[in-house]
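Peer 1: Before I ask anything, here is the structure I am working with.
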Ligand code: HEM
Ligand SMILES: [Mg+2]
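In the numbering used here, the protein residues as written are 282 to 537.
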């Protein structure tokens with residue numbers, strides 16, 4: 282981890298007066314990675330992972346002027362994602378957006394580029410709007426968390442994630458192949474990073490996932506305990522894809 286020893290992943294929120302984040306830096310938290318939520322003038326995305334990185338200062342706190350290398354660096358230092366995976370995600374995202382130099386987090390809400398319907402904690406894009414909602418929907422968040430814990434108590438596993446993705450696509454409509462794969466990748470990386478090195482088997486605690494999604498804040502006491510790599514992420518995503526197919530065909534799970 283490349284965070285400084287005085288402030289690695291602090292996640293306690295001290296209440297601070299409203300202030301601005303000029304040039305993406307925070308006058309309250311200074312050069313630390315302390316949590317500070319979006320202030321007036323800041324922009325955020327429909328991605329809880331990137332919003333949390335901005336709220337902790339791994340990305341510019343105003344959410345603006347982010348180049349692919351800034352994105353990759355933030356994914357590596359905030360979540361300990363491997364260099365290869367971080368570069369694929371960062372350059373791939375800018376390509377999908379058609380924005381090759383830099384982005385603002387709010388650009389990521391452009392509907393049907395990376396953003397898609399049948400999200401886990403965001404409502405669908407409405408009436409062909411250009412930008413989908415970036416605010417987390419509380420009802421969807423509670424419904425998501427209530428559907429975890431079916432395999433292991435208080436944990437959201439890959440098996441749970443497969444059921445939840447099937448359910449969301451049944452409620453909102455089937456996604457095309459690319460967006461279905463993106464949607465699986467999102468929840469898989471979240472479980473992989475937050476759940477730790479045994480996440481493929483044991484998932485993540487529902488309370489950590491809830492805290493991360495609700496406040497877009499790194500969960501209290503959480504630190505990366507492994508490097509989340511490309512191959513491991515591929516295998517976990519394949520498991521969810523296969524299970525989704527079996528769930529639709531009503532077959533039981535096999536042991537990982
Ligand atoms: C360059 C890196 C990344 C980009 C550009 C990105 C972009 C996005 C976008 C545009 C969405 C909205 C999709 C939608 O639900 O409609 C999204 C959702 C999501 N992302 Fe990311 N993301 C990145 C990395 C990550 C990482 C590293 C994680 C996990 C640690 C993650 C976890 C999630 C999750 C769980 C959602 C689903 C939110 C929901 O369904 O409501 N993302 N991401
Ligand atoms: Mg969406």
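All residues carry an ideal CB built from backbone N, CA and C; glycine is no exception. Note that the structure is predicted; figures quoted are calculated from it, not measured.
How big is the Cα-Cα spacing for residue 333 and residue 424?
Peer 2: So the alpha carbons of these two residues sit roughly 21 Å apart.
Peer 1: List in chain order the residues whose CB is within less than 7 Å of at least one heavy atom of ligand 2.
Peer 2: Spelled out in chain order, the answer is 327, 396, 397, 398, 400, 403, 405, 406, 413.
Peer 1: Kindly indicate which three-state DSSP category residue 498 falls into: helix, strand or coil?
Peer 2: Residue 498: coil per DSSP, three-state reduction.
Peer 1: Looking only at its own chain, which residues have a Cβ that is under 7 Å from the Cβ of residue 367, when we skip the five neighbours before and after it?
Peer 2: Excluding residues within five positions, the ones whose Cβ falls inside 7 Å are 353, 356, 357.
Peer 1: Which whole-angstrom value is the C-beta distance of residue 432 and residue 494, which I expect to be below 8 Å?
Peer 2: That pair is no contact at about 20 Å.
Peer 1: Round the Cβ separation of residue 534 and residue 440 to the nearest angstrom and send it over; I've been treating them as touching at under 8 Å.
Peer 2: Between residue 440 and residue 534 the Cβ distance is about 5 Å, and since that is below 8 Å, they are a contact.
Peer 1: Compute the beta-carbon to beta-carbon distance between residue 506 and residue 478, rounded to the nearest angstrom, for a pair I have assumed lies under 8 Å.
Peer 2: Their Cβ separation, rounded to whole angstroms, is 6 Å, which keeps residue 506 and residue 478 in contact under 8 Å.
Peer 1: Considering only the beta carbon of each residue, do residue 397 and residue 460 sit closer than 7 Å?
Peer 2: Going by C-beta atoms, residue 397 is nearer than 7 Å to residue 460.
Peer 1: Locate the alpha helix (DSSP H) running through residue 371, then write down its first and last residues.
Peer 2: From DSSP, the alpha helix (DSSP H) with residue 371 extends over 364-378.
Peer 1: Along the chain, which unbroken stretches of the alpha helix (DSSP H) at least 4 residues long are found entirely within the stretch 429-466?
Peer 2: If we require 4 residues or more, the alpha helix (DSSP H) runs fully inside the stretch 429-466 come out as 439-453.
Peer 1: Can you say whether residue 480 is buried or exposed, counting buried as having 16 or more other CB atoms within 10 angstroms of its CB?
Peer 2: Burial call: buried.
Peer 1: Kindly indicate which residue of 487, 309, 417, 365 has the alpha-carbon position closest to the one of residue 442.
Peer 2: Per the Cα distances, 487.
Peer 1: Any idea what DSSP makes of residue 314, helix, strand or coil?
Peer 2: It is coil, neither helix nor strand.
Peer 1: So does residue 370 have its beta carbon nearer than 6 Å to some heavy atom of ligand 1?
Peer 2: Yes, the Cβ of residue 370 comes within 6 Å of a heavy atom of ligand 1.
Peer 1: For ligand 1, I want to know if residue 366 counts as a neighbour, meaning its beta carbon is within less than 6 Å of at least one of the ligand's heavy atoms.
Peer 2: Flag unset: Cβ of residue 366 not near ligand 1.
Peer 1: Shorter than 6 Å, the distance from the beta carbon of residue 467 to the closest heavy atom of ligand 1, or not?
Peer 2: Yes, the beta carbon of residue 467 sits closer than 6 Å to at least one heavy atom of ligand 1.
Peer 1: Check each candidate in 364, 329, 312 and name the one with the smallest Cα separation from residue 386.
Peer 2: Ranking the options by Cα distance to residue 386, first place goes to 329.
Peer 1: Does the Cβ-Cβ distance between residue 390 and residue 427 come in under 7 Å?
Peer 2: No, the Cβ-Cβ distance between residue 390 and residue 427 is not below 7 Å.
Peer 1: In whole angstroms, what is the alpha-carbon distance linking residue 288 and residue 313?
Peer 2: Reliability fails at residue 288, whose pLDDT of 38 lies under 50, so the model's placement of it is uncertain and no value is given.
Peer 1: Buried or exposed for residue 457, please, with buried defined as at least 16 other CB atoms from any protein chain shown within 10 angstroms of its CB.
Peer 2: Residue 457 is exposed by the Cβ-count criterion.
Peer 1: Give me, in chain order, the residues of the same chain whose beta-carbon lies closer than 7 Å to that of residue 381; leave out the 5 immediate sequence neighbours on both sides.
Peer 2: Closer than 7 Å at the Cβ level, and outside the excluded window around residue 381, lie 375.
Peer 1: Between residue 359 and residue 339, which are expected to be in contact by the criterion C-beta below 8 Å, what is the C-beta distance as a whole number of angstroms?
Peer 2: Contact flag correct, Cβ pair sits at about 4 Å.
Peer 1: Strictly by DSSP, which residues pair up with residue 509?
Peer 2: Answer is 362.
Peer 1: Are residue 305 and residue 325 closer than 7 Å when you measure CB to CB?
Peer 2: The answer is no: Cβ separation not under 7 Å.
Peer 1: Of the residues 468, 407, 351, which one's Cα is nearest the Cα of residue 514?
Peer 2: When only C-alpha atoms are compared, the closest one is 468.
Peer 1: Write down the C-beta distance between residue 485 and residue 436 rounded to the nearest angstrom, noting that I regard them as a contact closer than 8 Å.
Peer 2: Correct: roughly 7 Å between the Cβ atoms.
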